[in-house]
Structures are given as structure tokens and as C-alpha cells.
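Novice: Take this structure, written in C-alpha cells, and hold onto it; I'll ask about it next.
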Amino acid sequence: DPADDLQGHPTAQAGITCTVCHAITNLNSLRGNSDYTIEEPMHYPFASSGSGLLRWVNRQLVKAKPAFHKKTFLKPLHKTPEFCGTCHKVHLPEELNKYKWLRGQNHYDAYHLSGVSGHGVTSFYYPPKAQPNCNGCHMPLEKSADFAAGYFDSTGDLKIHGHQFPSANTAIPELLGLPGKVNEAHRKFLDGVMRLDIFGIKKGGQIDGELTAPLRPKIPSLQPGATYLVEIVIRTVKMGHIFTQGTADSNEVWMDVDLRNGKERIG
Numbered sequence: 104d105p106a107d108d109l110q111g112h113p114t115a116q117a118g119i120t121c122t123v124c125h126a127i128t129n130l131n132s133l134r135g136n137s138d139y140t141i142e143e144p145m146h147y148p149f150a151s152s153g154s155g156l157l158r159w160v161n162r163q164l165v166k167a168k169p170a171f172h173k174k175t176f177l178k179p180l181h182k183t184p185e186f187c188g189t190c191h192k193v194h195l196p197e198e199l200n201k202y203k204w205l206r207g208q209n210h211y212d213a214y215h216l217s218g219v220s221g222h223g224v225t226s227f228y229y230p231p232k233a234q235p236n237c238n239g240c241h242m243p244l245e246k247s248a249d250f251a252a253g254y255f256d257s258t259g260d261l262k263i264h265g266h267q268f269p270s271a272n273t274a275i276p277e278l279l280g281l282p283g284k285v286n287e288a289h290r291k292f293l294d295g296v297m298r299l300d301i302f303g304i305k306k307g308g309q310i311d312g313e314l315t316a317p318l319r320p321k322i323p324s325l326q327p328g329a330t331y332l333v334e335i336v337i338r339t340v341k342m343g344h345i346f347t348q349g350t351a352d353s354n355e356v357w358m359d360v361d362l363r364n365g366k367e368r369i370g
């Protein structure tokens with residue numbers, strides 16, 4: 104109905120709800136682009152009742168016999184990187200752009216090719232212990248008094264897998280006005296995951312200019328008023344992905360640089 108306010112409808116504002124992920128029943132392929140099977144899950148009685156009392160009965164039934172709920176909403180496939188890859192591996196088919204097949208974001212293959220997965224033979228950096236799936240990094244354990252909490256480690260504390268997915272896009276929490284602790288968790292997770300080195304400089308500010316590299320142990324003198332192109336080497340030392348990931352067609356990387364002469368800032 105054109106008269107409907109689709110943007111203001113609660114369904115349009117729901118985003119990716121719990122059911123979207125947990126109602127997936129099969130991964131049809133490894134090509135991504137949401138190639139999965141999703142089915143309406145079976146619920147305990149009175150789950151959709153308009154009566155508050157009957158919905159309370161529904162919640163008590165779940166707590167009294169949670170095995171059916173767990174079997175319905177937590178399947179072995181949810182613990183695999185392939186499950187995450189169904190949405191985090193994307194391509195644009197020719198039918199969409201009338202041009203040709205183009206790769207979009209692809210976190211799945213990058214993870215497998217990294218040292219973090221334990222499978223990447225070309226990696227320079229490996230963690231003390233490989234991560235067998237995405238959940239180990241992006242759904243870390245956290246203390247919880249939730250009914251579904253369990254004993255996952257030797258600490259003796261009840262925990263759940265966090266669903267805030269640290270390292271996610273920091274712009275969305277700002278736009279939604281979420282508490283500062285949300286982005287702080289992202290920043291904390293990303294601290295030290297990359298290393299940036301100024302490798303060399305080129306005179307004239309051109310890519311084919313005269314290269315001075317490496318910049319150690321002898322640091323060259325720069326001429327005031329001259330233009331230089333700075334060569335940077337970025338290394339992903341603690342992350343299971345290439346830099347930059349995400350929406351490959353719109354990413355821009357900016358670097359904030361201070362130029363100093365001793366303690367004096369000159370640029």
C-alpha cells in the first residue's frame with residue numbers, strides 16, 4: 104500500500120533480530136550473498152499470544168524445558184565460520200549491475216587466508232592459538248546472570264557469548280546515539296591490531312619521484328617548502344582480515360600526520 108509509512112513501521116526499524124540468524128536451518132553453499140535456508144521456527148505454546156498472562160506461561164515453559172528451544176535456535180552450523188560467511192561474503196552479479204561479476208566485501212576468505220585461522224601459510228603473524236571460528240574474536244565470553252548462561256571456562260563464572268560484535272562499524276552507534284561504552288568496546292578490541300611504518304619518502308610528491316628508503320637508521324633532512332610523497336607500510340599484526348575490509352567499493356583510508364622539528368609542531 105503506497106499510503107503505508109514503511110520507514111516508520113516497527114518491522115522496518117527492527118534491523119537484524121535474533122530470529123534472523125537463529126532461524127537459519129541450512130547453508131546452501133560457500134559463495135555467500137545470503138545463500139542460506141531460513142524457516143519459521145517452531146515455538147512453545149502461546150509465544151504470540153495477545154495475553155500477557157499466556158506469554159508469561161510461554162516463558163515459563165521455555166525455562167522449564169529449554170532443550171527444545173536450544174535445539175531449535177542453536178544448531179551446529181551456528182558455530183562455524185561458514186555460517187558467518189553467508190552474509191559476510193558478497194558479490195555483485197552481472198544481473199544486478201548489467202556490467203560484470205564484481206567482488207564485494209569478503210571477510211570469510213580473508214579469515215581463512217590469515218594466520219588467525221591457522222590455515223594461512225602466507226601470513227607473517229600468527230596468534231599463540233588459532234581461532235577455529237569467528238565467534239572466538241567477535242563473540243567473546245562475558246559474565247552474565249542470564250538464564251541461558253553456562254560454564255564455558257575454568258573461571259567458575261556463568262557466562263554467555265557477547266552479541267555486541269566488537270570491531271564493528273563505529274559510525275552506526277554514533278548515528279543512533281548509543282552509549283559511549285559501545286564504541287569504546289570497539290576501540291579496545293582494535294587497539295594494536297595494526298602496525299604502521301613510515302618506510303620512505305619521494306621528492307616532488309610524485310609516485311615516480313626519487314625514493315629515499317628505508318628511513319632508518321639515518322633520517323634524511325627535508326627542505327622547507329618542498330613537496331614529498333610519504334610511503335607507508337601497514338601490517339595487520341593481530342587481526343584475521345586484510346585492511347581494509349567491509350564495503351570494498353566505498354572505503355577510504357585517511358591518516359592523521361603531525362610534522363615536528365624536535366618538540367615544535369610545524370605541520
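Residue numbers for the sequence shown, in our numbering: 104 to 370.
Idealized CB from N, CA, C, for every residue including glycine.
Everything numeric in this text was worked out from a predicted model, so none of it was measured.
#1: Enumerate in chain order the residues of its own chain whose CB-to-CB distance from Pro327 is below 7 Å, with the five nearest sequence positions on each side excluded.
#2: Measure from the alpha carbon of Gly307 to the alpha carbon of each residue in Leu318, Leu325 and Leu281, then state which is nearest.
#3: Per DSSP, what kind of secondary structure is Gly253 in: helix, strand or coil?
#4: Going by the DSSP bridge assignment, what does Gly303 pair with across the sheet?
#5: What three-state label does DSSP hand Thr128 in the structure shown?
#6: Let me know if Thr339 comes out buried or exposed under the rule of 16 or more other beta-carbons within 10 Å of its beta-carbon.
#7: Among Glu355, Asp361, Val333 and Ile337, whose alpha-carbon lies nearest the alpha-carbon of Phe227?
#8: Below 8 Å between beta carbons: does that hold for Lys232 and Val296?
#9: What is the residue span of the beta strand (DSSP E) that His181 lies within?
#10: Tell me, please, which residues DSSP counts as bridged to Arg298.
#11: From the DSSP output, which residues share a beta bridge with Tyr139?
#12: Please classify Lys192 as buried or exposed, where buried requires at least 16 other C-beta atoms within 10 Å of its C-beta.
#13: Quick one, which of Lys178, Phe346, Ile301 and Asp212 has its alpha-carbon nearest Ala316's?
#14: Alpha carbon to alpha carbon, how far is Gly349 from Ala213? Give it in angstroms, no decimals.
#15: What would DSSP say about Asn364, mapped onto helix, strand or coil?
#16: So Phe176 and Pro196 are supposed to be a Cβ contact under 8 Å. How far apart are they, rounded?
#17: Any beta carbon of chain C sitting closer than 8 Å to that of Phe250?
#18: Classify Val224 as helix, strand or coil using the three-state DSSP reduction.
#19: If you run the structure through DSSP and keep just helix, strand and coil, what is Ile345?
#20: Would Asn238 pass as a contact of His264 if the rule is Cβ separation under 8 Å?
#21: State yes or no: is the C-beta of His344 within less than 8 Å of the C-beta of His194?
#22: Do Gln234 and Val224 come within 8 Å of each other at the CB atom, strictly closer than that value?
#23: What does DSSP give as the partner residue(s) for Glu245 in the beta ladder?
#24: Ends of the alpha helix (DSSP H) at Arg290?
#25: Where do the ends of the alpha helix (DSSP H) carrying Asn161 lie?
Specialist: Walking through what the data contain:
#1: For this step, residue 327 is matched to residue 224 along the sequence shown. None.
#2: Here residue 307 is taken as the residue at index 204 of the sequence shown, counted from 1. Nearest of Leu318, Leu325 and Leu281 to Gly307, Cα basis: Leu325.
#3: Stepping through the sequence shown from its first residue, residue 253 is reached at position 150. Gly253 falls in the strand class under three-state DSSP.
#4: Your numbering for residue 303 matches position 200 in the sequence shown. Note: Gly303 sits in a beta bridge opposite Glu334.
#5: The residue given as residue 128 occupies position 25 in the sequence shown. Residue state, collapsed to three classes: strand.
#6: In the sequence shown, the residue the question calls residue 339 occupies position 236. With 16 or more other Cβ atoms within 10 Å, it is buried.
#7: The sequence position of residue 227 within the sequence shown is 124, counting from 1. The shortest C-alpha separation from Phe227 is found at Ile337.
#8: Residue numbering aside, residue 232 sits at position 129 when the sequence shown is read from its first letter. Residue numbering aside, residue 296 sits at position 193 when the sequence shown is read from its first letter. Not in contact: Lys232 and Val296 (Cβ atoms no closer than 8 Å).
#9: For the purposes of this step, residue 181 is identified with residue 78 of the sequence shown, where counting begins at 1. Segment: none, His181 is in no beta strand (DSSP E) and carries neither H nor E.
#10: Counting from 1 along the sequence shown, the entry for residue 298 is found at position 195. Paired residues: Arg338.
#11: Translated into positions along the sequence shown, residue 139 becomes position 36. Per DSSP, Leu130.
#12: Counting from 1 along the sequence shown, the entry for residue 192 is found at position 89. Lys192 is buried by the Cβ-count criterion.
#13: By 1-based counting over the sequence shown, the position of residue 316 is 213. Of the listed residues, the one whose Cα sits closest to Ala316 is Ile301.
#14: Along the sequence shown, one-based indexing puts residue 213 at 110. Along the sequence shown, one-based indexing puts residue 349 at 246. If I take the Cα positions, the gap works out to 11 Å.
#15: Within the sequence shown, numbered from 1, the residue matching residue 364 stands at position 261. Three-state DSSP puts Asn364 in a strand.
#16: Within the sequence shown, residue 176 is the residue found at index 73, counting from 1. Within the sequence shown, residue 196 is the residue found at index 93, counting from 1. In fact, because the Cβ distance is near 31 Å, the residues do not count as touching under 8 Å.
#17: You won't find chain C in this structure, because it holds only one protein chain.
#18: Locating residue 224 in the sequence shown gives position 121, counting from the first residue. Collapsing the DSSP output to three states places Val224 in coil.
#19: Here residue 345 refers to the residue found at position 242 of the sequence shown. In the three-state scheme derived from DSSP, where H, G and I count as helix and E and B as strand, Ile345 is classed as coil.
#20: Residue numbering aside, residue 238 sits at position 135 when the sequence shown is read from its first letter. Residue numbering aside, residue 264 sits at position 161 when the sequence shown is read from its first letter. A contact, by the Cβ cut-off of 8 Å.
#21: Taking the first residue of the sequence shown as position 1, residue 344 is located at position 241. Taking the first residue of the sequence shown as position 1, residue 194 is located at position 91. No.
#22: Here residue 224 corresponds to residue number 121 of the sequence shown, with the count starting at 1. Here residue 234 corresponds to residue number 131 of the sequence shown, with the count starting at 1. No, the Cβ-Cβ distance between Val224 and Gln234 is not below 8 Å.
#23: The residue labelled residue 245 in the question sits at position 142 within the sequence shown. For Glu245, which the question treats as bridged, DSSP gives the partners Ile263.
#24: Taking the sequence shown and counting its residues from 1, one reaches residue 290 at position 187. Gly283 to Leu293 is the span of the alpha helix (DSSP H), which, as asked, contains Arg290.
#25: Position 58 of the sequence shown, counted from the first residue, corresponds to residue 161. Gly155 to Ala167 is the extent of the alpha helix (DSSP H) around Asn161.
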